[in-house]
Structures are given as C-alpha cells and as structure tokens.
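Novice: My questions all concern the structure below.
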Amino acid sequence: MKIKKGDLVLITTGKDKGKTGKVERVFSKLNKVSIEGMNEFKRHMKARTQNEKSEIKTIYKPIALSNVALLDPKTKKPSRVGYKVEKGTKMRISKASGQVV
1 MKIKKGDLVL
11 ITTGKDKGKT
21 GKVERVFSKL
31 NKVSIEGMNE
41 FKRHMKARTQ
51 NEKSEIKTIY
61 KPIALSNVAL
71 LDPKTKKPSR
81 VGYKVEKGTK
91 MRISKASGQV
101 V
C-alpha cells in the first residue's frame with residue numbers, strides 16, 4: 001500500500017473534495033483510509049433505557065484509497081508515489097519532485 005498512517009493527503013472526489021488531512025488509519029484489506037475530520041456523518045442514537053437520553057453522534061467513515069492523493073512534501077501538490085531502493089532499503093518517493101516521502 002502506497003499511503004501509510006501519518007501521511008498528508010488531498011481528497012480528490014466526494015463532498016470533501018479539495019480538503020487536506022492526515023491519515024489516521026489504513027484499512028489495507030478494504031483499500032480505504034480514515035482521515036481525521038473528513039467524511040463526517042451524523043448518527044441518531046436512540047436511548048436504550050429510560051435513564052439515558054437519545055443523542056446525535058458524529059462519526060467519521062473511511063474513504064476509498066482511489067479518492068485520495070498523497071501530497072508532495074516539497075510543492076504541497078498531489079503526486080503519485082514511486083519506490084526507490086538505495087543500499088538495500090526501499091523508500092517511497094514522490095513522482096513529481098523525486099523527494100523521499
């Protein structure tokens with residue numbers, strides 16, 4: 001997977017299009033990522049007992065990996081991710097600038 005936890009990404013489609021955020025969690029089997037503060041939904045929770053109150057909770061759903069792009073650390077623009085092997089270590093690089101991510 002080319003995007004990892006802690007990466008700064010740009011959302012390319014959907015209601016949050018154009019916003020940037022940090023990746024909180026990666027769901028590799030689902031090909032989705034959770035970005036802090038993005039893809040917000042309201043959930044109406046009903047009271048289970050008489051002592052509890054019903055409430056509206058805010059939840060954040062994961063976004064498909066194809067709908068986000070990694071931001072280049074140098075230019076702060078969306079870029080594709082490539083790999084480079086140096087001295088036996090594999091590094092992720094930005095295709096736009098060639099800088100290590």
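Residue numbers are given in this note's numbering: position 61 of the sequence shown equals residue 61, and the series is strictly consecutive. Every residue gets a Cβ at the ideal spot worked out from N, C-alpha and C, and that includes glycine.
Considering only the alpha carbon of each residue, which of Met38, Val100, Gln99 lies closest to Val68?
Specialist: When each option's Cα is compared against that of Val68, the closest is Met38.
Novice: Restricting to Cα atoms, I'd like to know which of Glu52, Lys77, Lys90, Tyr83 is closest to Gly21.
Specialist: Nearest option by C-alpha distance: Lys77.
Novice: How should Val85 be labelled, buried or exposed, when 16 other C-beta atoms within 10 angstroms of its C-beta is the threshold for buried?
Specialist: That one is exposed.
Novice: Entirely within the stretch 12-48 and at least 3 residues each: give me those beta strand (DSSP E) ranges in chain order.
Specialist: Runs found: 20-27, 32-35, 40-45.
Novice: Where does Ser97 fall in DSSP's three states?
Specialist: Ser97 falls in the coil class under three-state DSSP.
Novice: Taking C-alpha atoms, which residue in Ser97, Glu36, Ala64, Thr89 lies nearest to Thr13?
Specialist: Checking every option, the nearest Cα to that of Thr13 belongs to Ala64.
Novice: Output the distance between the C-alpha atoms of Lys2 and Ser54, rounded to the nearest integer angstrom.
Specialist: Approximately 41 angstroms between the Cα atoms of the pair.
Novice: Are the Cβ atoms of Val26 and Lys4 separated by less than 9 angstroms?
Specialist: Taking 9 angstroms as the Cβ cut-off, Val26 and Lys4 qualify as a contacting pair.
Novice: Tell me where the beta strand (DSSP E) around Glu55 begins and ends.
Specialist: Residues 55-60.
Novice: Between the Cα of Gly6 and the Cα atoms of Asp16, Leu30, Ser34, which residue gives the shortest distance?
Specialist: Per the Cα distances, Ser34.
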